[in-house]
Amino acid sequence: MFQLLREEFTTDARLATAVAALRPPGALEAVFLAGLLAPLPQECPKDLSRELCKQFDPVQLMVALTEVFITAEQQAAARGAVLGAEGRAALAAWPALLASAAGAAWDVICSRLAKGGDAALPAASLAGLLPIAVRQDAAAMAALAAAAAAHAARVFPLLAASARVPGLEPHVPFWIWRAIRELTIAGPVDAILEACGGVLARHALGFIGQSARRVRGAEVDGGPYVLAATSQAARFLVHATKAELQPGAALRVSCVAAAPGAAAALVCGARMGLAAVRAKGDAACVEGLILANIFQLMAMVAFVEARVDHSTGGGGGGGGGGGGEDRIRAGSWLGLLHALGALPLVANALAVPGLAGERKAMTALAAAVLAYSSPEQQQDLQRQQQQHAQHAQHAQHAQHAQHAQHAQHAQHAQQQQQQQALTAGGTETDATDVRRRAWVALVDVRTNTSVRVMRLLCDFQRAGRGDLAATPGALAFAASQAASLDAREADKGADLLRVVEEWAASEWAQHGAGGARSGWADNTSNNHGNCKKGGGPNEKQADQPSPTGGGEQAAAGQAEAAAAVERAERSLEGLLRLAAEAAAAGAASATAVEAEARAALAELRVSGAWEQAAQQRELQRHRQEQQQEQRSEQQQQAKEDCAASAEAISAAKSPQQRQREQQQPEQQQPEQPEQPEQQQQQQQQQQQQQQQQQPRQPQAAQQHQPSPPLQRQQEEQQPQQQHPQQQHPQLQQQQPPQQPQQQQQQQQQPGSRGATCRQIAACAACSAAEGAAGARLHLCRGCRLAWFCSDECYMGYWPAHKAVCREEQARRAGQAAMAGPA
Numbered sequence: 001m002f003q004l005l006r007e008e009f010t011t012d013a014r015l016a017t018a019v020a021a022l023r024p025p026g027a028l029e030a031v032f033l034a035g036l037l038a039p040l041p042q043e044c045p046k047d048l049s050r051e052l053c054k055q056f057d058p059v060q061l062m063v064a065l066t067e068v069f070i071t072a073e074q075q076a077a078a079r080g081a082v083l084g085a086e087g088r089a090a091l092a093a094w095p096a097l098l099a100s101a102a103g104a105a106w107d108v109i110c111s112r113l114a115k116g117g118d119a120a121l122p123a124a125s126l127a128g129l130l131p132i133a134v135r136q137d138a139a140a141m142a143a144l145a146a147a148a149a150a151h152a153a154r155v156f157p158l159l160a161a162s163a164r165v166p167g168l169e170p171h172v173p174f175w176i177w178r179a180i181r182e183l184t185i186a187g188p189v190d191a192i193l194e195a196c197g198g199v200l201a202r203h204a205l206g207f208i209g210q211s212a213r214r215v216r217g218a219e220v221d222g223g224p225y226v227l228a229a230t231s232q233a234a235r236f237l238v239h240a241t242k243a244e245l246q247p248g249a250a251l252r253v254s255c256v257a258a259a260p261g262a263a264a265a266l267v268c269g270a271r272m273g274l275a276a277v278r279a280k281g282d283a284a285c286v287e288g289l290i291l292a293n294i295f296q297l298m299a300m301v302a303f304v305e306a307r308v309d310h311s312t313g314g315g316g317g318g319g320g321g322g323g324g325e326d327r328i329r330a331g332s333w334l335g336l337l338h339a340l341g342a343l344p345l346v347a348n349a350l351a352v353p354g355l356a357g358e359r360k361a362m363t364a365l366a367a368a369v370l371a372y373s374s375p376e377q378q379q380d381l382q383r384q385q386q387q388h389a390q391h392a393q394h395a396q397h398a399q400h401a402q403h404a405q406h407a408q409h410a411q412h413a414q415q416q417q418q419q420q421a422l423t424a425g426g427t428e429t430d431a432t433d434v435r436r437r438a439w440v441a442l443v444d445v446r447t448n449t450s451v452r453v454m455r456l457l458c459d460f461q462r463a464g465r466g467d468l469a470a471t472p473g474a475l476a477f478a479a480s481q482a483a484s485l486d487a488r489e490a491d492k493g494a495d496l497l498r499v500v501e502e503w504a505a506s507e508w509a510q511h512g513a514g515g516a517r518s519g520w521a522d523n524t525s526n527n528h529g530n531c532k533k534g535g536g537p538n539e540k541q542a543d544q545p546s547p548t549g550g551g552e553q554a555a556a557g558q559a560e561a562a563a564a565v566e567r568a569e570r571s572l573e574g575l576l577r578l579a580a581e582a583a584a585a586g587a588a589s590a591t592a593v594e595a596e597a598r599a600a601l602a603e604l605r606v607s608g609a610w611e612q613a614a615q616q617r618e619l620q621r622h623r624q625e626q627q628q629e630q631r632s633e634q635q636q637q638a639k640e641d642c643a644a645s646a647e648a649i650s651a652a653k654s655p656q657q658r659q660r661e662q663q664q665p666e667q668q669q670p671e672q673p674e675q676p677e678q679q680q681q682q683q684q685q686q687q688q689q690q691q692q693q694q695p696r697q698p699q700a701a702q703q704h705q706p707s708p709p710l711q712r713q714q715e716e717q718q719p720q721q722q723h724p725q726q727q728h729p730q731l732q733q734q735q736p737p738q739q740p741q742q743q744q745q746q747q748q749q750p751g752s753r754g755a756t757c758r759q760i761a762a763c764a765a766c767s768a769a770e771g772a773a774g775a776r777l778h779l780c781r782g783c784r785l786a787w788f789c790s791d792e793c794y795m796g797y798w799p800a801h802k803a804v805c806r807e808e809q810a811r812r813a814g815q816a817a818m819a820g821p822a
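Counting from 1, one number per residue, gives the positions in the sequence shown under the UniProt record's numbering.
Laid out in structure tokens, this is it:
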């Protein structure tokens, strides 16, 4: 099979043969095992050793085979040919084939890298090629990354160290750092950083510093590859730092800040990048990308350290907060950068012609973070913080005074040291001007990254919220983002405006501004550094578009975008009112904020998203009105139907029934239950009257009377039929009236069935059975259907029983009236 690799051209048959030879289970693992066990040439000339490895080393042959599959389409295109179906099928099967043997591949790579020398060279190349070979297959990439993460403590440190080994081909370090970055992106980055994050950071920073010193001032062999490898190392560090900021990530000190000489390596790389950009006059070159990544890394490390400070109760946020030297990690990191002259470096980078897009946003982020943490700015912010604290909290306990004084002395000494370093180096820069330029640059970029950077700065430093509110066009830009059709971006813009409104309510409360909204709780201090948002300014997940898989998701996204516009409008209205009240009370800074808020509100209200939201609100209001009208019409129709039904029932009654109902007196009070003896007498009298009226009935009616056995069966069923009627009198309205013959049969033998009915029946009000707890049931004197155990139950149940009782009385009166004339 490997003899095919020596062919001159890549053909479909060549690719298909290689895949067919390695596809059987265990075949590729056997090749890697052979590379692990094969004896390597010893004690021979270097050139001969490398040539022998190329000819007989299985690892070197796998490197060549992998290169064939990676460049197959390019080689075919160079010959003016196109791969056929067989070749394309082989290319598609190759990533899964490599992923199936990923564990064996990493084992042989680690073993070779640990041995070093010529044996490590093909292993380093193979490690760099594997992610490239499986990049198009997400499942294969995930499997390869998972296998590397399982051996993270061995794989990644050996790979990072091999990138700095002398004698490598120029492209190999680039392959290695690209492989490390892609594997950490596709794999469990938290587990990888937990296992070897510090070692990787030290190797990456060392590689950046070493490459910067090599490239700066002189041309080196393989210069483009050296710069590309440096860019990959910087991008890996940015990704690792963003992973440390992700919500739910393990709270630990930044692996970059913990590495010795990290600040010096980054400043050295930034100087190299800035010098190259100035010399080329092109900020879009590779050196410009390295410069932007390094600036972003400086700021992100400060955010990670500030997060640790906040979790431990330290001051954080640029070193201005107290809490002791062990609780100002962010201040220590930024202090080192200031001592090395990072602030004037980033200030000069902001002035580079052609700086735009993401690179400009990253440069502005670093400029703002360094400006906020400069010694002079810390003094101003500390003075403002003390004034704000004196107004908000008039009582400070004596037990905190000594601690605060000690922290203030330590901070003052640190600021003096930083100021002396800046003055000695001749790099003193106006931090206030850098702050202003940084915010102006963020507004000029006008990208999604700008919104995230603004939010990071607002969370990092409370003064950033005031700078955002006062920067010309910043509020209008946030309003335009809130009016985005993308629900996620609109939500970010609305949240940014809400943060500014909260700051205004807290900042101008001493001027009487706020009113009903002055109770905004600003839980952040002036220098809190509480970067909880996480993810970094160009978070991958945030850059992905909102899902629009179906009509329901699209409708939900539109609803979320409309809600974001409404929230942004309310925030701008609140900010405008707060600024107007504060300006009227004499706050100098409120005048500019009022003008910016007014312009932002006007821009928001002319946007298409605001018009859509207004139309949706109007449509919703119209729908609510229609629903209310429909409910009113339904209620009116129900009333009319009830009235018509009552009229129809009244019209259907016979004249005798209406006459009897008119003659029947209205019972104002509920009737008292009568005793069982009186009930039996009344039932006997009614039975005698019915027996006297029975001969008068037509012959046909007598033929339908039930036989004696059927009559006895009906009498036995009478208590069971009365029992549910007594418990649910409202159901009697829906039951049709019984035939006179059945009523006559049910009312026969009253004396013998009365006790049985009482024993089976229960109280209609409390459901108490006859004899339970001494209860004795009495029949309702009106309808003679419901049973009650006491006067209290009868009186309490009368409102619900009244309608049924009256209806039953009317029914019986009608039957009696119809039977009389007959």
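Glycine included, every Cβ here is placed at the ideal spot set by N, Cα and C.
Taking only the alpha-carbon atoms, compute the straight-line gap between residue i and residue j and give it to the nearest angstrom.
i    : j    : result
T363 : T66  : 39 Å
R164 : F207 : 7 Å
R14  : L61  : 15 Å
A431 : A347 : 9 Å
G315 : V238 : With a pLDDT of 48 at G315, under the threshold of 50, the modelled position of this residue cannot be trusted, and the question is left open.
L113 : G223 : 25 Å
S332 : V451 : 27 Å
L245 : A299 : 12 Å
A786 : G796 : 14 Å
A599 : Y372 : 27 Å
Near residue i, what residues of its chain come up, given a Cβ to Cβ distance below 7 Å and the 5 sequence neighbours on each side ignored?
i    : result
A104 : E29, F32, L33
A583 : A590, T591, E594
D12  : L83, G84, E86, G87
S645 : none
E182 : P131
Which residue from the options puts its Cα closest to that of residue i?
i           : options                : result
V267        : Q210, V253, I180       : Q210
residue 825 : L227, A284, A270, T184 : It is not possible to answer for residue 825, since the shown part of the chain is limited to 1 through 822.
A441        : S506, K360, K492       : K360
V301        : G273, L274, R271, G335 : G335
F295        : S632, A264, W787       : A264
Q558        : A600, A101, A490, Q75  : A490
A143        : A27, L158, A101        : A101
L604        : A262, A138, E569       : E569
A127        : Q136, D118, L158       : L158
Q74         : G26, T10, R436, L36    : T10
residue 853 : H171, L36, A76, L337   : As displayed, the chain neither begins before 1 nor continues past 822, which places residue 853 out of reach and without an answer.
Is residue i near residue j, with beta carbons less than 7 Å apart?
i    : j    : result
L200 : A160 : yes
A367 : L350 : yes
A99  : A146 : no
A258 : L193 : no
E560 : A487 : yes
G187 : A149 : yes
F236 : A204 : yes
A93  : V19  : yes
L576 : A597 : yes
A249 : A195 : no
E254 : V304 : A quick correction: the sequence has Ser, not Glu, at residue 254. Taking 7 Å as the Cβ cut-off, S254 and V304 qualify as a contacting pair.
In chain order, what residues of the same chain have a beta carbon less than 8 Å from the beta carbon of residue i, not counting five sequence neighbours either side?
i    : result
Q468 : Sequence check: residue 468 is Leu here, not Gln. Once the five neighbours on either side are set aside, the close Cβ partners of L468 are W439, M454, L457, C458, A474, L475, A478, L496, V500.
A651 : none
G189 : Inspection of the sequence shows that residue 189 is occupied by Val rather than by Gly. The residues are H239, A240, A243.
S571 : A494, L497, R498, V500, E501
For residue i, I'd like the list of residues in its chain whose CB is within less than 6 Å of its CB, leaving aside the five on either flank, ordered along the chain.
i    : result
P173 : A163, A229
E358 : T449
Q541 : In this predicted model, Q541 has a pLDDT of only 42, less than 50, meaning its place in the structure is not dependable; the value taken from the coordinates is given anyway. Excluding residues within five positions, none has a Cβ falling inside 6 Å.
T427 : Annotation note: pLDDT 42 at T427 (below 50); position unreliable, no value reported.
H175 : The sequence as given places Trp at residue 175; His does not occur at that position. Around W175: G128.
L355 : A283
Inset, instruction - Run through the region 329 to 355 for me and flag every whole alpha helix (DSSP H) of 4 or more residues, listed as ranges in chain order. - result: 329 to 339, 342 to 350
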